[in-house]
Amino acid sequence: MSFSFIAEQLKQQKAQHLHRRSVQVTGKQGRFIEVDGNSFVNFSSNDYLGLASEPALINAWKRGGDLFGIGSGGSYLVTGYNQVHHDVTEQLKSWLNVDAIALFNSGYSANQAIIKLLLRKDDLLVQDKLNHASLMEAGIYSQAKMQRFKHNDMAHLGNILKQHIQTDNKLIISEGVFSMDGDIAPMTELCSLAKQNNAWLMIDDAHGIGVLGENGQGSVAQANQSQQDIDIYMATFGKALGVGGALIAGSTELIDYINNFSKPYVYSTGLPPAMVYCIGEAAKLAEQQQWRRDHLAGLINYFKHLSGQYDIPLMPSNSAIQPILMGSSKQALDISVWLKKQGIWTTAIRPPTVPNNTARLRVTLTTNHHKSDILLLVTKLKQAIDANSH
Ligand SMILES: *Cc1c(COP(=O)(O)O)cnc(C)c1O
Numbered sequence: 039m040s041f042s043f044i045a046e047q048l049k050q051q052k053a054q055h056l057h058r059r060s061v062q063v064t065g066k067q068g069r070f071i072e073v074d075g076n077s078f079v080n081f082s083s084n085d086y087l088g089l090a091s092e093p094a095l096i097n098a099w100k101r102g103g104d105l106f107g108i109g110s111g112g113s114y115l116v117t118g119y120n121q122v123h124h125d126v127t128e129q130l131k132s133w134l135n136v137d138a139i140a141l142f143n144s145g146y147s148a149n150q151a152i153i154k155l156l157l158r159k160d161d162l163l164v165q166d167k168l169n170h171a172s173l174m175e176a177g178i179y180s181q182a183k184m185q186r187f188k189h190n191d192m193a194h195l196g197n198i199l200k201q202h203i204q205t206d207n208k209l210i211i212s213e214g215v216f217s218m219d220g221d222i223a224p225m226t227e228l229c230s231l232a233k234q235n236n237a238w239l240m241i242d243d244a245h246g247i248g249v250l251g252e253n254g255q256g257s258v259a260q261a262n263q264s265q266q267d268i269d270i271y272m273a274t275f276g277k278a279l280g281v282g283g284a285l286i287a288g289s290t291e292l293i294d295y296i297n298n299f300s301k302p303y304v305y306s307t308g309l310p311p312a313m314v315y316c317i318g319e320a321a322k323l324a325e326q327q328q329w330r331r332d333h334l335a336g337l338i339n340y341f342k343h344l345s346g347q348y349d350i351p352l353m354p355s356n357s358a359i360q361p362i363l364m365g366s367s368k369q370a371l372d373i374s375v376w377l378k379k380q381g382i383w384t385t386a387i388r389p390p391t392v393p394n395n396t397a398r399l400r401v402t403l404t405t406n407h408h409k410s411d412i413l414l415l416v417t418k419l420k421q422a423i424d425a426n427s428h
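Sequential numbering from 39 applies to the sequence shown in the numbering used here.
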């Protein structure tokens, strides 16, 4: 029978407590989310700066539609590149201090595109073990040799690079802030290892842009490193910026090469102009409204302080991503279900998103939260963990 693995694998997935389905959220993303008529405090969103339902941005999207229309009508190289794509690209270039930018419809697509574009047989791709699925998947399908270095382990990375001195094209990829662990990459060491070994460095800053660095310029600025030390910088607009879409930044020559040879870039309809206008306004808020970062930093400190008092097992993260390690998928799932009954929405993150036996509750804090929300979360977490360990 054709494709009989479909039913078989779904059955297995259920037996292993790994089965997933989308929940339907009613209304807007914010401090609370509504699901099935119930309201929950939302600790599960990547909307770190609380911009996804910001009234000024909802208006910006409408105004963008009035000014430039809602559909781009084509790919960027045909007629899909509007003045608004140009203007927002220029704005993002000066905010991020980068030389050139290509827009993509998603971070997933940008990551797949760049790996497919640059890496050939005989090349070397070296990735942090915890890199995002979009990077890993592209690496696995690539003709290049892929090696993974232990998470943030620069000695291991150095050894791998040393073993490939003869290889002409070497690309190192790391996330700036790790999506499932919340810790950050050793940016300065990555830059110098890349330089010493004649390799390129790519940073995926999906969780850094908007949140880290003075004026929200991301992980590279946070580490006082120049953007010109990063050969390929990928950032998304769907997390802290609250909208959607992504960029790849790099040298003028690299972006010219993408414009000419990257199939996901060339053969995809350009981002909707109204949306791009809204992305530009979101970037302005992320750049200018320091109070959003300050409030978030205060909440992160408060959460870590309280969790310390209550003996909640945190991971070494200072970011808005605060995972609570559970071990088994079943325990993570049980506790997340119990927390929902208490009006708290957290997501159980299970393999294969994270390594086996490291299932966790991924708690994310955002500018939308109040201190009282954090107190509720930590109190209930403590109760759940105590009850579960008996
Ligand atoms: C979310 C994410 C992506 C994908 O970006 P989308 O715009 O959501 O497709 C890529 N890399 C990392 C690290 C991410 O967390």
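Note that the Cβ used here is the ideal one computed from N, Cα and C, for glycine as well.
Ligand 1 has no heavy atom closer than 6 Å to the beta-carbon of residue 127. With 6 Å as the limit between CB and the heavy atoms of ligand 1, the residues that fall short of it are 144, 145, 146, 149, 170, 172, 213, 217, 242, 244, 245, 274, 276, 284.
For residue 153 and residue 45, the gap between their C-alpha atoms comes out near 32 Å.
If one requires a minimum length of 4 residues, the alpha helix (DSSP H) runs lying completely within the stretch 194 to 235 are 225 to 234, in chain order. Contact between residue 303 and residue 142 holds, since their C-beta atoms are separated by about 7 Å, short of 8 Å. As the crow flies, the alpha-carbon of residue 168 is around 12 Å from that of residue 185. With fewer than 16 other beta carbons inside 10 angstroms of its own, residue 117 counts as exposed. Taking residue 287 as the centre and dropping the five residues before and after it, the same chain places the C-beta of 136, 139, 271 closer than 6 Å to its C-beta, in chain order. Shortest Cα-Cα distance from residue 148 to any of 398, 162, 175 involves 175. Looking from the CA of residue 78, the closest CA among 87, 84, 86, 68 belongs to 68.
Under the Cβ criterion (8 Å, minimum of three pairs), the stretch 102 to 110 does not count as touching the stretch 75 to 90.
By the Cβ criterion, the stretch 245 to 257 is not in contact with the stretch 193 to 209, since fewer than three pairs of Cβ atoms, one from each stretch, lie closer than 8 Å. Listed in chain order, the non-local C-beta contacts of residue 420 below 7 Å within the same chain comprise 348, 350, local neighbours out to five positions each way being set aside. The beta carbons of residue 181 and residue 229 sit no closer together than 7 Å. Residue 317 is classed as buried because its beta carbon has at least 16 other beta carbons within 10 Å across all chains shown. Straight across, the Cα-Cα distance linking residue 160 with residue 205 is about 7 Å.
When C-alpha distances from residue 386 are compared across 366, 404, 405, the shortest belongs to 366. Listed in chain order, the alpha helix (DSSP H) runs fully inside the stretch 101 to 151 are 121 to 134, counting runs of at least 4 residues. Assignment of alpha helix (DSSP H) within the stretch 329 to 416, counting only whole runs of 4 or more residues, yields 367 to 379 in chain order. For residue 255, same chain residues with a beta-carbon under 6 Å away, outside a window of 5 residues either side, are 134 in chain order. Residue pairing for residue 298: DSSP places it in no beta bridge. Rounded to whole angstroms, the separation of the alpha carbons of residue 156 and residue 238 is 11 Å.
Within the DSSP secondary-structure output, residue 307 pairs in a beta bridge with 113.
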